[in-house]
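Enquirer: Mapping to this note's numbering: the sequence shown position 261 is 310, numbers consecutive.
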Amino acid sequence: MPHLKVKPFDSSIIATKIDESTIMTHVSKALNSDDILIGIEHEGEEFLLQLKADEKAYLLKYDKVTRPLKVNILKEAIGKVAKELGLEVYASNIAISSTKALLSSKYFKKIEDFVEIEYPKKKVSVEVGFGSGKHLLYQAHKNPDTLFIGLEIHTPSAQQVLKQIELQNIENIWVVNYDARLFLEMLPSNICQEIFVHFPVPWDKKPQRRVISKSFLAESMRVLDKEGRLELRTDSDNYFWYALETFFAVPKTAVEIRKNEALEVTSKYEARWLRQEKDIYDVYVQCNEISTQTREKIDFNFNGVIYTHGIEERLSKEALVYDGYFIHFERLFKSDATMLLIKCAFGSFDRPEHKYILLTQEGCRYFVSPPVQTKVNLLAHQKLIEQLTLKEGQ
Ligand SMILES: C[S@@+](CC[C@H](N)C(=O)[O-])C[C@H]1O[C@@H](n2cnc3c(N)ncnc32)[C@H](O)[C@@H]1O
Numbered sequence: 050m051p052h053l054k055v056k057p058f059d060s061s062i063i064a065t066k067i068d069e070s071t072i073m074t075h076v077s078k079a080l081n082s083d084d085i086l087i088g089i090e091h092e093g094e095e096f097l098l099q100l101k102a103d104e105k106a107y108l109l110k111y112d113k114v115t116r117p118l119k120v121n122i123l124k125e126a127i128g129k130v131a132k133e134l135g136l137e138v139y140a141s142n143i144a145i146s147s148t149k150a151l152l153s154s155k156y157f158k159k160i161e162d163f164v165e166i167e168y169p170k171k172k173v174s175v176e177v178g179f180g181s182g183k184h185l186l187y188q189a190h191k192n193p194d195t196l197f198i199g200l201e202i203h204t205p206s207a208q209q210v211l212k213q214i215e216l217q218n219i220e221n222i223w224v225v226n227y228d229a230r231l232f233l234e235m236l237p238s239n240i241c242q243e244i245f246v247h248f249p250v251p252w253d254k255k256p257q258r259r260v261i262s263k264s265f266l267a268e269s270m271r272v273l274d275k276e277g278r279l280e281l282r283t284d285s286d287n288y289f290w291y292a293l294e295t296f297f298a299v300p301k302t303a304v305e306i307r308k309n310e311a312l313e314v315t316s317k318y319e320a321r322w323l324r325q326e327k328d329i330y331d332v333y334v335q336c337n338e339i340s341t342q343t344r345e346k347i348d349f350n351f352n353g354v355i356y357t358h359g360i361e362e363r364l365s366k367e368a369l370v371y372d373g374y375f376i377h378f379e380r381l382f383k384s385d386a387t388m389l390l391i392k393c394a395f396g397s398f399d400r401p402e403h404k405y406i407l408l409t410q411e412g413c414r415y416f417v418s419p420p421v422q423t424k425v426n427l428l429a430h431q432k433l434i435e436q437l438t439l440k441e442g443q
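Structure, rendered in structure tokens:
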């Protein structure tokens, strides 16, 4: 990832350069270390750069939480900041590259995009954990009238499939590099024809990490259209029985089971089990109802929350754990007497959100964008407001 190693310098000069800068918007220093965050606005993107001090050299680099998808924007910003501050560069890896970043492909969608997105096809299907993407690509070829949303948490697999989509000129796949267990909440009700879950990780020792769960099933039934179906394919006896138990607990569904059914396409993963002559189970759950539930738009505003003197002392240093979610103020950065940038983690234990909150005397907002619109994030957001409005003595 892009960074510059520069000769140590007096970092207090950064604040004096903000007003005349074409790119820097604010600067803040960690309360418990010498780390510095520089707010950037460049090419329509807002993000942060970090400055880490070391005796021999200072490191000017990207910030993981706010990093823009296009690496070249980041590289340009680092270069401009170094120039505006007149830094002496020891080492650099910010040469602009001409290769197209796959994650900026138009077929790559961020979870935030789904807050307001237009679906280009009437039919939509989802594949959870597509791995090498063989099944996803096959389905998309075969059903050009359906949009396939492929979900995969493993970034290199997502990148590989994006490459294939471009090479094979496929126009009806969106790739989302996000946890399927939370993603379904972003979809409107009754939109899906099929949800494929092929060979999910069995997580025998950590069953709470499994994709299939009561809440995943409930969300699947909400997003599936009437007669749409959830298709689980697994080689794990354990997972098969666990899934059946989960599925039978839900009313208004029809469950069908098959054993050693051949599909038209065999993934690399499946081929391994076939060679070992392992049993393979399919479980189909059909949705028998139109869902009347609508997905509510969640408001992540901090209406009326402003910086109050000494709030940095009142915020809990420990993570605060609630029923099914948590909030944790991880690091505090202070700009002047009236501005605080708070790095925090919150939401579900499996897939926490990492965000900055910018708290000033004028107001408060997530920097740079609000969290994913899940119910658990809303609960966490309400607790964050409670903490940020703590009065002295509370
Ligand atoms: C065992 S592989 C199966 C891959 C593919 N479906 C196949 O049949 O070859 C499981 C895949 O699910 C992905 N995965 C696991 N948990 C996930 C989750 N919560 N959301 C999205 N993908 C997930 C993993 O990264 C992995 O690529």
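Cβ coordinates follow ideal geometry from the N, Cα and C atoms, glycine included. All figures in this text were calculated on a predicted structure; none of them were measured in a lab.
Take the Cβ of V120 as the centre, count every other Cβ of all protein chains shown within 10 Å, and call the residue buried at 16 or more, exposed below.
Expert: In the sequence shown, the residue the question calls residue 120 occupies position 71. V120 is buried by the Cβ-count criterion.
Enquirer: My output table needs one value for I87: the three-state DSSP class, helix, strand or coil.
Expert: Taking the first residue of the sequence shown as position 1, residue 87 is located at position 38. Residue state, collapsed to three classes: strand.
Enquirer: Buried or exposed for A52, going by 16 or more other Cβ atoms inside 10 Å?
Expert: Indexing the sequence shown from 1 puts residue 52 at position 3. Note that residue 52 is His in the sequence shown here, rather than Ala. Buried: at least 16 other Cβ atoms inside 10 Å.
Enquirer: Would you identify the three-state DSSP class for F58, choosing helix, strand or coil?
Expert: Numbered from 1 along the sequence shown, position 9 holds the residue referred to as residue 58. Under the three-state reduction of DSSP output, F58 falls in the coil class, being neither helix nor strand.
Enquirer: Going along the chain, which residues of its own chain have a beta-carbon closer than 6 angstroms to the beta-carbon of H430, five neighbours each way excluded?
Expert: One-based indexing of the sequence shown puts residue 430 at position 381. The residues F349, in chain order, have a CB closer than 6 angstroms to that of H430 in the same chain once the five nearest residues on each side in sequence are set aside.
Enquirer: Mapping the DSSP letters down to three states, classify D103 as helix, strand or coil.
Expert: Sequence index remark: in the sequence shown, residue 103 carries index 54 (1-based). The answer is coil: DSSP assigns D103 none of H, G, I, E or B.
Enquirer: In three-state terms, what does DSSP make of Y356?
Expert: As a first step, residue 356 is located in the sequence shown; it is residue number 307 there, counting from the start. In the structure shown, Y356 sits in coil (DSSP, three-state: anything other than H, G, I, E or B).
Enquirer: Does any heavy atom of ligand 3 sit closer than 7 angstroms to the C-beta of V210?
Expert: For ligand 3, the structure offers nothing, since it holds only ligand 1.
Enquirer: Out of G277, R278, H403, which one is the CA nearest neighbour of A394?
Expert: As a working note, residue 394 is residue 345 in the sequence shown. Nearest of G277, R278, H403 to A394, Cα basis: H403.
Enquirer: What runs of the beta strand (DSSP E), each 3 residues or longer, lie entirely inside the segment 392 to 434?
Expert: 402 to 408, 413 to 416
Enquirer: For ligand 1, is there any heavy atom lying closer than 7 angstroms to the beta carbon of F248?
Expert: On the sequence shown, residue 248 is found 199 positions in, with the first residue counted as 1. Yes, the Cβ of F248 comes within 7 angstroms of a heavy atom of ligand 1.
Enquirer: Assign W290 to one of two classes, buried (16 or more other C-beta atoms within 10 Å of its C-beta) or exposed (fewer than that).
Expert: As a first step, residue 290 must be located in the sequence shown, where it is residue number 241. When all chains shown are included, W290 counts as exposed.
Enquirer: Near S285, which residues of its chain fall below 6 angstroms by C-beta distance, leaving aside the five closest residues on each side in sequence?
Expert: For this step, residue 285 is matched to residue 236 along the sequence shown. Counting only Cβ-Cβ distances below 6 angstroms, and skipping sequence neighbours, we find P251.
Enquirer: Among A189, Q213, H203, A144, which residue has its Cα nearest to the Cα of I222?
Expert: Your numbering for residue 222 matches position 173 in the sequence shown. I222 has its Cα closest to that of A189, out of A189, Q213, H203, A144.
Enquirer: Going by the C-beta, is A429 closer than 7 angstroms to any heavy atom of ligand 1?
Expert: As a working mapping, residue 429 is identified with position 380 in the sequence shown. Answer for A429: no, Cβ out of range of ligand 1.
Enquirer: How far does the beta strand (DSSP E) with I244 in it extend, from its first residue to its last?
Expert: Your numbering for residue 244 matches position 195 in the sequence shown. Looking at the DSSP string, the run of the beta strand (DSSP E) that includes I244 is 241 to 247.
Enquirer: Check whether the segment 274 to 288 and the segment 332 to 339 touch, using three or more Cβ-Cβ pairs below 8 angstroms as the test.
Expert: yes
Enquirer: Suppose you measure from the CA of V130 to the CA of L381; what does that come to, to the nearest Å?
Expert: Residue numbering aside, residue 130 sits at position 81 when the sequence shown is read from its first letter. Residue numbering aside, residue 381 sits at position 332 when the sequence shown is read from its first letter. Approximately 23 angstroms, taken between the alpha carbons.
Enquirer: State whether the segment 111 to 120 contacts the segment 57 to 67, with contact taken as three or more CB pairs (one from each stretch) at a distance under 8 angstroms.
Expert: no
Enquirer: Does DSSP put K132 in a helix, a strand or coil?
Expert: Reading the sequence shown from its first residue, position 83 is the one you call residue 132. If DSSP states are grouped into helix, strand and coil, K132 belongs with the helices.
Enquirer: Using DSSP's beta-bridge definition, name the partner residues of R230.
Expert: If you number the sequence shown from 1, residue 230 lands on position 181. Partner(s): none; R230 has no beta bridge.
Enquirer: Helix, strand or coil: which one does DSSP assign to E252?
Expert: Here residue 252 refers to the residue found at position 203 when the sequence shown is read from its first residue. In the sequence under discussion, the amino acid at residue 252 is Trp, which differs from the Glu named in the question. In this structure, W252 counts as coil in the three-state DSSP scheme.
Enquirer: Find the nearest neighbour of P446 within the set K301, N218, R258, judged by alpha-carbon distance.
Expert: For residue 446 there is no data in the structure shown, the boundaries of the chain being 50 and 443.
Enquirer: Return the Cβ separation of K317 and L369 in integer angstroms, given the expectation that the two are a contact with Cβ distance under 8 angstroms.
Expert: Here residue 317 corresponds to residue number 268 of the sequence shown, with the count starting at 1. Here residue 369 corresponds to residue number 320 of the sequence shown, with the count starting at 1. That belief does not hold up - the Cβ atoms of K317 and L369 are roughly 43 angstroms apart, past 8 angstroms.
Enquirer: Let me check one thing: in DSSP terms, what residues is M270 bridge-paired to?
Expert: Against the sequence shown, residue 270 aligns to sequence position 221. When DSSP reads this structure, M270 sits in no beta bridge, so it has no partner.
Enquirer: My output table needs one value for R258: the three-state DSSP class, helix, strand or coil.
Expert: Translated into the one-based positions of the sequence shown, residue 258 becomes position 209. Of the three classes helix, strand and coil, the one that applies to R258 here is helix, per DSSP.
Enquirer: How about V177: is its Cβ closer than 7 angstroms to a heavy atom in ligand 1?
Expert: The residue you call residue 177 lines up with position 128 of the sequence shown. Indeed, a heavy atom of ligand 1 lies less than 7 angstroms from the Cβ.
Enquirer: Just to confirm my understanding: we take T115, look at its own chain, exclude 5 residues before and 5 after, and list those with CB closer than 8 angstroms. What are they?
Expert: The count along the sequence shown starts at 1 and reaches residue 115 at position 66. Correct list, in chain order: E95, F96, L97, Y405, F416, V417.
Enquirer: Is the beta carbon of I329 within less than 7 angstroms of some heavy atom of ligand 1?
Expert: Residue 329 sits at position 280 when you count from the first residue of the sequence shown. Checking every heavy atom of ligand 1 against the Cβ of I329, none is found closer than 7 angstroms.
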